[in-house]
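Here the sequence shown stands for residues 56 to 360, numbered as in our numbering.
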Amino acid sequence: MQTTNTVLMIRPARFAFNPDTAANNRFQQAPLDPETASAKALEEFDGYVDTLRQHGVDVLVVQDTPEPHTPDSIFPNNCWSSHADGSLVLYPMEGENRRLERSKGVLGVLQERFAIQRTIDLSPLEQQNLFLEGTGSMVLDREHRISYACHSGRTHERALRQFAEQLDYRLCLFHAVDRQQAPIYHSNVMMNVGRQLAVACLDALPRQDERHALEHSLRDTGKQVLALNFDQLENFAGNMLEVHDRDGHSLLVMSRSAWRSLDTQQRRQVERHSHPLVVNIDHIERIGGGSARCMLAEIHLPSRH
């Protein structure tokens, strides 16, 4: 199934601007008052969790610990991914303080609650400076087993091919840049794939052949494509995630800034396929450089009980 009803979120202990990741994440902005920013992030996080639960999404919240300091722990979708066959994949991370997130106990929580059949550990690729940051680097079409990914310093082709071989995925690789022609650091800030709707900033693909290949792949797998412009990309409209409620109804989760950036026709296109679930995470977006999708780690594992 492409979507899930169960997600894991990390409640931050010391959310902060992360200098380890700012070099190639052009969405990050350092706050004027770090203490106030951290408090605002907690308020936004708790509101996000409440909104999901009110709409019938099963949210597993894990509290982060103050030490070791992991300022980006609020974005758990980069370190690991889970799959319906019981596979748990661990990923090689570029930021050194992000690698510390693997020791924070989240994997133990997953093992207690879900039936993990095998663990595929790609993290040793860090020793070769080969990185693949989970479902930030890749946007997965789980139904058709396609991994969409843009080349970047955090997404290396050799690591991608190891993922594809281990989980029997086909790769759709392309180059993507922002309006200043800088490489986009994560694929999931410029596109999303749901059951019937795909959202993508096709303008970000400078090579026409790759743009056509991406669009054809999406349409050939039955997706309607909602095309974003650069203004919408910069407002995190690419960083959405489709989930479903306990009755199986589709919910498209996005930030307030993303929803506000869409025009009337685009909003109607979303509403034809999903209920838009809009959350206020303004401070988290600005300081962390990630948005609604980055904060959700999908759980596709079978339950242990």
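Glycine is no exception: its CB is placed at the ideal position from the N, C-alpha and C atoms.
Query                                                                                                                            : Result
Span separating the alpha-carbon of residue 257 from that of residue 360                                                         : 43 Å
Beta-carbon contacts of residue 79 that lie in its chain and below 6 Å, excluding the five residues immediately before and after : Note that residue 79 scores a pLDDT of 47, beneath 50, so its modelled location is shaky; the value from the coordinates is reported in the next line. Correct list, in chain order: 208, 240.
Straight-line Cα distance separating residue 296 from residue 337                                                                : 17 Å
Beta-carbon proximity list for residue 87, same chain, < 8 Å, skipping 5 on both sides                                           : Confidence is the limiting factor: at residue 87 the pLDDT is only 47, short of 50, which leaves the residue's position unreliable, though a coordinate-based value still follows. Hits under 8 Å: none found.
Closest residue to residue 107 among 137, 61, 125 (Cα-Cα distance)                                                               : 61
For residue 247, three-class secondary structure by DSSP                                                                         : strand
Cβ pair residue 204, residue 177 closer than 8 Å                                                                                 : no
Inter-stretch contact (C-beta, 8 Å, three-pair minimum) for the segment 297-308 and the segment 243-263                          : yes
Cut-off 8 Å between Cβ atoms - residues of its own chain near residue 223, not counting five sequence neighbours on either side  : 200
Nearest residue (CA-CA) to residue 173, options 192, 139, 184, 303                                                               : 139
DSSP state of residue 238 mapped onto helix, strand, coil                                                                        : strand
Helix, strand or coil at residue 167 according to DSSP, with G and I counted as helix                                            : helix
Given 8 Å, three or more beta-carbon pairs between the segment 343-352 and the segment 280-300                                   : yes
Rounded separation between residue 183 and residue 189 - CA only                                                                 : 17 Å
Backbone CA spacing between residue 229 and residue 259 [nearest angstrom]                                                       : 10 Å
Nearest-angstrom Cα separation, counted from residue 354 out to residue 193                                                      : 16 Å
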